[in-house]
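Protein sequence lines correspond, in order, to chains A and F. In terms of the numbering used here, the first sequence has 385 at position 380, counting the first letter as 1, and numbering is strictly consecutive. In terms of the numbering used here, the second sequence has 832 at position 187, counting the first letter as 1, and numbering is strictly consecutive. Here is the structure we will look at.
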Amino acid sequence: MGRLFAVEIVYRGIFQKKLAANISRGIVLAAHKEGKPGISFGRYGDSPERNGIPAKYFAIVATDETTLEEGKAKYEPKEVDVTICVDDTLFKGVESWAWYGLQPINKLLKPDGALIVTSLKEPEELIPLAHRKEAPYKLAVLKGTPSFSGLWVYKDDHTDVRILGAIARLLPELFGLASVQETIRDEWHNELKATSALRAFERIGTATVTPDQGNPQEPYKFEMPKWTEMREGIAIPGIPLGGKVKDPVTGEEGGWRPGRNTTFKKWATRTMRPVVDFEKCIKCTLCWLQCPDSCFDVTPDGYYDANLEACCGCGVCEAVCPEKDCVTMVNETRFEDNSSQWEAWRKEPAAYDTHLAEWIKDRPERSHGFRFKGQYQQELPNEFARQG
Amino acid sequence: MAEVIAHTPERKPATEKTSLITGSEAIAVACKLADVDVITGYPIRPYDTVMQYIAKLVSNGEMDCEYIIAEGEHSQFEIVKHASACGARVFCGSSGVGWMYAMEALTVTPALRIPMVAMVGNRALDDPGAFGVEHNDALAVRDLGWQLVWVDNAQEALDTALIAYRVAEDRRVFLPCAISCDGAFLTHSQALVKIPSQEKVDEFLPRYDRGDLLLHPDNPITVAPQANEDWLMEIRRQTAAGMERSPQVIREAYTKFREIFGRDYGNPFFDEYMTDDADVVIVGMGTLSNPVRVAIREMRKEGKKVGFVRMRWFRPFAAEELAKSLSRFKAVGIIDRDFSLGAPHSSGVLATEVRAALYPLANRPPLLAFICGLGGREVTLPDVKNMTDKVYAAAAGKPQPSTQWIGLRE
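So this is what it looks like as structure tokens:
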């Protein structure tokens, strides 16, 4: 029996769909240069046409056709040699449209497998965000801003070929750099991209993550009911109405927290979260009114607190807020939990304001989509500079 | 356009009377007696006779219901589906390609556990446009969770419509039921029908109680959300369980019917005629029973011991019971008033199903399949005798084609 290789690409719906497909295709084609058959497919249960929703692509390669059948026999691989994470905010876990529960980013990795992530952060900043894993694994950070395209525009910042170059270095049994470069010339006809793959191959390094490192929390799970336990007629019980919100300082109860889905939390969809400067809030209600997910809780003192288990990070609240710096979207990698900002502010206003000033200091760049004509051309040179 | 009848007509405690009405009118009368709340219509022959009779009942003030003329069959079935989800007793129906045009709505109805009762005025599928009877329209939903029943006279049409409501709306089942009435032979010919009294019908038919599946603000539920492979098998299994419980509920309904109305249909699932001493039997559905029975009487004068099994319930299919019954005979001939092109042995739908039902038997009788009476062509007495001769030949072991077209110009 030959050897079976599996690589998963964890990406965000819409913005990284083409990127993930390119990487997966590139893996199979490069391996084919070395005589290995393979297949590439997006997980069918995903909904990659939804903004930001975590989704997966898989590349399965084998040393021979018979062994490849073992990979094809599964709906999706149960373990992978390499996990590619094209957005570092996915480190907190993946709850896909079709997945009931939170899946740690490193869940499918084999012991000593490689987790490749595109990020500007250092390994020690990223490791605490991912869940702990029983076996050690290798973390490889490919320097660069996570690549986000628009719905119609592919941001060709060479992330696809740089990932392929990194794989050639970390798992040479799958394919070597020469095969990657040959594939690039065949597929993309771009010598510059072949050079980018070479640079990634040369520079990629790994850090070993041990079982005592990472987020110790147990990811939330969901028990699937038996057919006899489900209500008939495809009737799903409604979510109960909400209730009042309690002030952590005065104990006063008031405002309104709507009832929410307890088994599907939306936060894994988020690359950014709104942070609110309650001192600047004029209680105009616009964020609460416009939020497409009704994620704002109304507090007893009349503020609007983005509930971070329900917020999917779309940024509408920031866009509609009339007050400067009142609502600011900040990249998710800055935060380790989903606790209430309003409660933190009520308990320790000074400490909260210090954090807030730190979070919004650099007017963080919005991470997804293109919002004006020419943004693509404007961003690319900066990106190549960041990548070195 | 929705026509709302504001007043509630007086419901007189009439005693049983006899009326000269068509099979379609009998179904309309059953709707009145069952106090159906929402009815939708869209004209297509021969089903449209039912909507005409219901319209007359409503305009005469004899019946109180929402009577909605939809802009097509798809909407027609969707409207009653939603009304039923909201707790209304509903009725609708169609024929031929009209029924097929409603296919998407027909498909989603069983999974949502909607106990809709529909009348199919069986009609050949286009093309060519033909009004006559073929059973392919109703049979098109045979895999989807619809209960399907065939009747052969107007009295049975009325009685079966009442039984259909009782069975479909039983919480153990909660599946739609289509009553097939052969176009022309049943929908357009009048016969003397006993109309039961309202009190007896009220005693026979419990209120429709949708329970925790009721779509109502007091019972907040989402119905039919998107689901993936993590849920589909469980949902299908639930629907299958409803169908598996249906035979018992059907038996109970016929027993109760006999108690209250005094009419005994015997075995609810299939009706046996002169089978006690029969050597061979013919099996069929719908109004072809009339020529078959007459031909059998004539053949018996010639000493041929022939019987007839008329299938009433096609879904659920009483496979074990039927196999047990058919195992008594030397050979079986199945008449299909339908076609299933490319099916095993080129047989029609009924023959294929009966053949499957017989498979577990240790000693299977030889089975011959016939395609006959398509598009409303008359099934003649010589046709039936011709088929019976072939079945006798099969019993004697004479090899012949497993499926034969009868009454064809050739």
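Each residue gets a CB set at the ideal place from its N, CA and C atoms; glycine is no exception. Values in this document were obtained by computation on a predicted structure and should not be read as measured data.
Hey, could you find the ends of the beta strand (DSSP E) residue i is sitting in?
i                : result
E258 of chain A  : 258 to 262
E779 of chain F  : That residue, E779 of chain F, is in no beta strand (DSSP E); it is neither H nor E in DSSP.
M745 of chain F  : Note, M745 of chain F: premise wrong, no beta strand (DSSP E); alpha helix (DSSP H) at 741 to 746.
A311 of chain A  : 309 to 311
T667 of chain F  : 662 to 667
D302 of chain A  : 301 to 303
W1050 of chain F : 1048 to 1051
T721 of chain F  : The amino acid occupying residue 721 of chain F in the given sequence is Gln; Thr does not appear at that position. Element bounds for Q721 of chain F: not the beta strand (DSSP E) but the alpha helix (DSSP H), 718 to 730.
L793 of chain F  : 792 to 795
Since I believe residue j is in contact with residue i (beta carbons under 8 Å), could you give me their beta-carbon distance rounded to a whole number of angstroms?
i               : j               : result
V681 of chain F : F722 of chain F : No, V681 of chain F and F722 of chain F are not in contact; Cβ-Cβ is about 15 Å, not under 8 Å.
V999 of chain F : L986 of chain F : The Cβ separation is near 18 Å, so there is no contact.
V166 of chain A : V250 of chain A : With a Cβ gap of about 50 Å, V166 of chain A and V250 of chain A do not count as contacting.
T88 of chain A  : G118 of chain A : 7 Å
R881 of chain F : F914 of chain F : Rounded, the Cβ-Cβ distance is 24 Å, inconsistent with contact.
R391 of chain A : L125 of chain A : 7 Å
S739 of chain F : I759 of chain F : Not quite, the Cβ-Cβ distance comes to about 16 Å (not below 8 Å), so this is no contact.
A747 of chain F : E716 of chain F : The Cβ separation is near 12 Å, so there is no contact.
G57 of chain A  : R17 of chain A  : 5 Å
A202 of chain A : Q218 of chain A : That belief does not hold up - the Cβ atoms of A202 of chain A and Q218 of chain A are roughly 30 Å apart, past 8 Å.
Since residue i is in the alpha helix (DSSP H), which residue starts that stretch and which ends it?
i                : result
D981 of chain F  : Where D981 of chain F is concerned, there is no enclosing alpha helix (DSSP H), although the beta strand (DSSP E) it sits in stretches over 976 to 981.
N1031 of chain F : 1026 to 1040
D367 of chain A  : No alpha helix (DSSP H) holds D367 of chain A; DSSP gives it neither H nor E.
D847 of chain F  : 843 to 849
Y402 of chain A  : There is no way to answer for residue 402 of chain A, as the model of chain A reaches only from 6 to 393.
M761 of chain F  : Counting along the chain, M761 of chain F falls outside any alpha helix (DSSP H), and DSSP gives it neither H nor E.
R208 of chain A  : 196 to 208
T694 of chain F  : 693 to 704
Hey, out of the options, whose CA is closest to residue i's CA?
i                : options                          : result
I365 of chain A  : A:K22, A:P279, A:R275            : A:P279
T290 of chain A  : A:K271, A:F46, A:D310, A:T333    : A:D310
W347 of chain A  : A:E228, A:Y357, A:T338           : A:Y357
V846 of chain F  : F:L807, F:V838, F:L995           : F:L807
F953 of chain F  : F:K946, F:A923, F:E879, F:E947   : F:A923
L1006 of chain F : F:A1014, F:C1017, F:A968, F:H990 : F:A968
T338 of chain A  : A:I189, A:V281, A:E130           : A:E130
D771 of chain F  : F:I689, F:A673, F:V937, F:K677   : F:I689
P224 of chain A  : A:P245, A:E353, A:K270, A:R48    : A:K270
D797 of chain F  : F:G948, F:K1043, F:Y910, F:I941  : F:Y910
Y80 of chain A   : A:D298, A:A64, A:S345, A:D92     : A:A64
G243 of chain A  : F:Q883, F:A964, F:L859, F:T900   : F:L859
R8 of chain A    : A:G57, A:V85, A:L147             : A:V85
E258 of chain A  : A:S344, A:P59, A:N266, A:G248    : A:G248
W1050 of chain F : F:R1022, F:L971, F:A1041         : F:R1022
H37 of chain A   : A:G181, A:P327, A:C300           : A:G181
Q380 of chain A  : A:F153, A:F10, A:N195            : A:F153
K138 of chain A  : A:L156, A:I110, A:P128, A:W261   : A:I110
D161 of chain A  : A:D330, A:A324, A:K23            : A:K23
W744 of chain F  : F:E707, F:E711, F:V786, F:V725   : F:V786
H136 of chain A  : A:V99, A:S299, A:W157            : A:V99
L120 of chain A  : A:L175, A:S52, A:P151            : A:L175
R30 of chain A   : A:T359, A:I14, A:P116, A:A324    : A:I14
K226 of chain A  : A:L107, A:T164, A:S45, A:E388    : A:L107
Note to self: At a CB distance below 8 Å, what residues from the segment 741 to 758 of chain F approach chain A? Give them in sequence order.
What the structure shows: Answer set for the segment 741 to 758 of chain F: A756, L757, R758.
Check: Which ranges does the alpha helix (DSSP H) cover as unbroken runs of at least 4 residues, wholly within the segment 887 to 963 of chain F, from first to last along the chain?
Finding: Segments of the alpha helix (DSSP H) lying fully in the segment 887 to 963 of chain F: 934 to 946.
Check: Listed in chain order, which residues of the segment 859 to 880 of chain F have Cβ atoms closer than 7 Å to some Cβ of chain A?
Finding: The segment 859 to 880 of chain F vs chain A, Cβ under 7 Å: P865, I866, T867, V868, A869, P870, N873, E874, D875, E879, I880.
Check: What residues in the segment 718 to 731 of chain F have a beta carbon less than 7 Å from any beta carbon of chain A?
Finding: The residues in question: there are none.
Margin query: Restricting to runs no shorter than 3 residues, where is the beta strand (DSSP E) found entirely within the segment 111 to 184 of chain A?
Written below: Complete beta strand (DSSP E) runs here, min 3: 114 to 124, 142 to 148.
Next item on the list: Could you name the residues of the segment 235 to 259 of chain A whose beta carbon sits closer than 7 Å to any beta carbon of chain F, in the order they occur along the chain?
Entry: Result list: M235, R236, E237, G238, I239, A240, I241, P242, G243.
Note to self: Against chain A, which members of the segment 841 to 857 of chain F pass a CB distance test of less than 7 Å?
What the structure shows: Residues D857.
Next item on the list: Scan the segment 43 to 76 of chain A for residues whose Cβ lies nearer than 7 Å to a Cβ of chain F and list them as they occur along the chain.
Entry: Listed by position, the residues of the segment 43 to 76 of chain A near chain F (Cβ gap below 7 Å) are G50.
Next item on the list: Could you pull out every unbroken alpha helix (DSSP H) segment of at least 4 residues lying fully inside the segment 20 to 69 of chain A, listed in chain order?
Entry: Entirely contained in the segment 20 to 69 of chain A, the alpha helix (DSSP H) runs reaching 4 residues are, in chain order, 22 to 38.
Check: For the segment 320 to 349 of chain A, which segments carrying the beta strand (DSSP E) assignment without a break, of at least 3 residues, lie completely within its bounds, in sequence order?
Finding: Counting whole runs of 3 or more residues, the segment 320 to 349 of chain A contains the beta strand (DSSP E) stretches 332 to 336.
Next item on the list: Run through the segment 279 to 303 of chain A for me and flag every whole alpha helix (DSSP H) of 4 or more residues, listed as ranges in chain order.
Entry: DSSP runs (the alpha helix (DSSP H)) wholly in the segment 279 to 303 of chain A: 291 to 295.
Next item on the list: Could you run through the segment 877 to 909 of chain F and flag, in chain order, every residue whose CB is less than 9 Å away from some CB of chain A?
Entry: Under the 9 Å Cβ criterion, the segment 877 to 909 of chain F contributes M878, E879, I880, R881, R882, Q883, T884, A886, G887.
Next item on the list: Anything in the segment 215 to 232 of chain A with a Cβ closer than 9 Å to a Cβ of chain F? List those residues in chain order, please.
Entry: Answer set for the segment 215 to 232 of chain A: M229, P230, K231, W232.
Notebook entry, point to check: Got a sec: which bits of the segment 812 to 833 of chain F sit with their beta carbon under 8 Å from any beta carbon on chain A, in order along the chain?
Noted result: Residues passing the 8 Å Cβ filter: F819.
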